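K.L.:
If you read the sequence shown in my numbering, its first letter stands for residue 2, the second for the next number, and so on. Ideal Cβ placement from N, Cα and C applies to all residues, glycine included. The structure presented is a predicted model; accordingly, all values stated were derived computationally and were not measured.
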Amino acid sequence: MQFDHEHLVGISMTWDGNIVWTSNYGRIGIVDKNINPIAEPFQLPGLDEAGDTGRHYVTNSFAMDKKGGIYVVTSLYMTKTLWNSKDKTF
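Written as structure tokens, this is what we have:
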């Protein structure tokens, strides 16, 4: 799924050397150092309706911890998503 006017709002590196990105509509993705996708992007709960309604959005970058936690603040709440580098899953 991709929304009209979706764009990146944050890019960072995981502790295992991959690249994490977030979009303004709450999708989180992981790519390797050659920009090849490692997993399907994860859609934050509640933001799947953002494209048409414009009520929910992400406007800032994100934080990460050493245990795979990815913390994203949306227009409504803060969320934690776990990245499992061993299984390559969210």
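Going along the chain, which residues of its own chain have a beta-carbon closer than 6 Å to the beta-carbon of T80, five neighbours each way excluded?
P.N.:
Closer than 6 Å at Cβ, skipping near neighbours: L45 and V73.
K.L.:
Unbroken beta strand (DSSP E) runs of length 3 or more, entirely within the region 6 to 51: which are they?
P.N.:
You should have 9 to 14, 20 to 24 and 28 to 32.
K.L.:
Could you check the C-alpha separation between R28 and P38 for me, to the nearest Å?
P.N.:
Roughly 13 Å separates the two Cα atoms.
K.L.:
Select from I71, T23 and N25 the residue whose C-alpha is nearest the C-alpha of S86.
P.N.:
Nearest C-alpha to S86: I71.
K.L.:
For the beta strand (DSSP E) containing L83, list its first residue and its last residue.
P.N.:
Unbroken beta strand (DSSP E) run through L83: M79 to L83.
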